[in-house]
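Enquirer: A single structure is presented below for examination.
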DNA sequence: ATATACTGTGTATTTATTACACTAAGTAAT
DNA sequence: ATTACTTAGTGTAATAAATACACAGTATAT
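Residue numbers (the working numbering), protein chains in the order written: chain A, 4 to 234; chain B, 4 to 234.
In structure tokens form, the structure reads like this:
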């Protein structure tokens, strides 16, 4: 019965909002486009999806090709489908986000020449972006701002070992407000998902703080049974 | 610069998971398809999006055409894009959900004949569905289950006037667990978004319960400043 | 009058949230 | 070695929210 139906073709894209935290600033990954439309513009890493790849795979591939970043787990957060969003016609885009630690990932090398380069840009200093990418970014930022309020996902942005003060600063940057030091520490330690290390911060010109690690197992256990209503 | 670029064409669809609450049961809207592929199958109300409509508008139009329901506010919740999900080729689908009260909406009349009929089916009694619609439903259900845990959205499902017991039953059905009567009432009344009416339930063979109304304004005020981390 | 079925209510306990300020420890400069 | 500087690290009291738990009251039906 399916044999006589016409085959459909689709053109749609993926765009990625990749957050990183560096030098006390929240940043996202941008590329400089090397092709029309919007040649020479800054844009989110994004491209058309192939006919034979799932959107999740496409997201991984595209991020890799445009930035050189591999094995980044991304979550879909919204699909943008306004009629006029793409100058070449009807192209909807599925937006993904990820939060990653960028210790070794400062040297970004696109592997296609569709992107001239890929760069971390502070979110408070974003240029005008191609297409509706500014709106996509805003929504993505909103997404992590909401999510961090009920799930301690901020660890993904930090180096493996971090101090509580660094963690707090990250929260403050994402939530855009000051937090109380004692209450913040109490709350975080109460989650029971931090491992205190026997190490201290190095290279600071003042008393070094203790380093902590994030305990993935306990985190997983905790946030399975989360989001409950209680009895 | 854009003049010389080829025009793209897209084929993609919208699917709607519309929740209703009736006779103590949570239900969703299904249609019986009258066209290939999956002719004669049960499916979520869904169809292809036109070239010249935004996806939000398409969602409204499609729901209307397939069920006769108008002016239903829906939210996008996920986009499904597995390669093999549509037998005619690559068709991704943007899924929307809504929670509605179905007092006057029991008589559903599709206005195209793509849908033979539209029917409310209890979610515990769903037939096999076309395409990947079972998965889409599951995700949609998960979505409202999560959402209700931090936002009292259940009112949208109830008649305008309802008793606290009815509200509690609805929560219990969505969350799939028993709640404590006194604690539930305390919590709901504490939100301050319920208006106690001077009316009582009618037609019951026992003491009638007070009726309540949902106060939209207070709700809006309350859930603007929600989702905060505190100081 | 009686049985039935659901309504409506309070309190004590535990847990989480908030507000708030000083001393201790290490580094750098002299 | 003293001093100045900068951040680390800590506790408590007050308030608010979540939980556990049981029974008398009221409308209806017979």
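Beta carbons are placed, not taken as given, at the ideal position from N, Cα and C, and that holds for glycine.
In the DSSP assignment, the alpha helix (DSSP H) including residue 59 of chain A goes from what residue to what residue?
Expert: That run of the alpha helix (DSSP H) goes 58 to 70.
Enquirer: Enumerated in chain order, which unbroken segments of the beta strand (DSSP E) with a length of 3 residues or greater are wholly contained in the segment 188 to 219 of chain A?
Expert: Complete beta strand (DSSP E) runs here, min 3: 197 to 203, 213 to 217.
Enquirer: Count the other CB atoms within 10 Å of the CB of residue 20 of chain B; is the residue buried (16 or more) or exposed (fewer)?
Expert: Burial call: buried.
Enquirer: Once the 5 residues before and after residue 84 of chain B are set aside, which same chain residues still bring their CB inside 6 angstroms of it?
Expert: For residue 84 of chain B, where only same-chain residues beyond five positions count, the Cβ hits under 6 angstroms are 95.
Enquirer: Nearest CA to the CA of residue 28 of chain A: which residue from A:110, A:104, A:118?
Expert: For residue 28 of chain A, the nearest C-alpha among the options comes from A:104.
Enquirer: Quick one: Cα of residue 219 of chain A to Cα of residue 196 of chain A, how far?
Expert: Each residue's Cα considered, the two are about 7 angstroms apart.
Enquirer: What is the DSSP secondary structure of residue 79 of chain A, reduced to helix, strand or coil?
Expert: In the structure shown, residue 79 of chain A sits in a strand (DSSP, three-state: E or B).
Enquirer: Taking the straight line between their C-alpha atoms, what separation do you get for residue 9 of chain B and residue 62 of chain B?
Expert: Cα to Cα, the separation comes out at about 28 angstroms.
Enquirer: Compare the C-beta of residue 94 of chain B with all C-beta atoms of chain A and state if any pair is closer than 8 angstroms.
Expert: Taking Cβ atoms only, chain A reaches closer than 8 angstroms to residue 94 of chain B, which makes this a yes.
Enquirer: Excluding five sequence neighbours on each side, which residues of the same chain lie with their C-beta closer than 6 angstroms to the C-beta of residue 77 of chain A?
Expert: Only 62, 99, 101 meet the Cβ criterion.
Enquirer: At the level of alpha carbons, what is the spacing between residue 3 of chain B and residue 174 of chain B?
Expert: Outside the displayed range of chain B (4 to 234) lies residue 3 of chain B, so it cannot be described from this structure.
Enquirer: Can you list, in chain order, the residues of its chain whose CB lies under 6 angstroms from that of residue 128 of chain A, leaving out five sequence neighbours each side?
Expert: Cβ within range, chain order: n/a, list empty.
Enquirer: At 8 angstroms on the CB atoms, spell out the chain B contacts of residue 9 of chain A, in chain order.
Expert: By Cβ distance, chain B contributes 91.
Enquirer: Closest by CA to residue 146 of chain A, which one among A:64, A:185, A:49, A:81?
Expert: For the residues A:64, A:185, A:49, A:81, the minimum Cα distance to residue 146 of chain A belongs to A:81.
Enquirer: Give me the Cβ distance between residue 217 of chain B and residue 154 of chain B, rounded to the nearest whole Å; I'm assuming they're in contact under 8 angstroms.
Expert: Rounded, the Cβ-Cβ distance is 13 angstroms, inconsistent with contact.
Enquirer: If we call anything under 8 angstroms between Cβ atoms a contact, is residue 118 of chain A one with residue 65 of chain A?
Expert: Not a contact, by the Cβ cut-off of 8 angstroms.
Enquirer: Just the C-alpha distance for residue 26 of chain B and residue 176 of chain B, rounded to the nearest angstrom, thanks.
Expert: Each residue's alpha carbon lies about 12 angstroms from the other.
Enquirer: Quick check: residue 13 of chain A and residue 88 of chain B, are their CB atoms within less than 8 angstroms of each other?
Expert: No. Outside cutoff.
Enquirer: Does residue 217 of chain A have its Cβ less than 8 angstroms from a Cβ in chain B?
Expert: No, because no Cβ of chain B sits closer than 8 angstroms to the Cβ of residue 217 of chain A.
Enquirer: For residue 16 of chain B, which three-state DSSP category applies?
Expert: Strand, per DSSP.
Enquirer: For residue 75 of chain A and residue 18 of chain A, I'd like the C-alpha separation in whole angstroms.
Expert: Distance between the alpha carbons of residue 75 of chain A and residue 18 of chain A: 14 angstroms.
Enquirer: Between the C-alpha atoms of residue 126 of chain A and residue 171 of chain A, what's the straight-line distance to the nearest angstrom?
Expert: Each residue's alpha carbon lies about 18 angstroms from the other.
Enquirer: Between the segment 199 to 215 of chain A and the segment 150 to 165 of chain A, can you find at least three pairs of beta-carbon atoms closer than 8 angstroms?
Expert: At 8 angstroms Cβ cutoff, the stretches touch.
Enquirer: Hey, is residue 149 of chain A close to the ligand NAP, as in C-beta under 7 angstroms from one of its heavy atoms?
Expert: Ligands are entirely absent from the displayed structure, and the ligand NAP is therefore not among its contents.
Enquirer: Return the CA-CA distance between residue 39 of chain A and residue 123 of chain A, expressed in angstroms with no decimal places.
Expert: Taking the straight line joining both Cα atoms gives about 22 angstroms.
Enquirer: So residue 46 of chain A and residue 121 of chain A are in contact, right, with Cβ under 8 angstroms, and what is the actual spacing, rounded?
Expert: Not really, about 10 angstroms apart at Cβ, beyond 8 angstroms.
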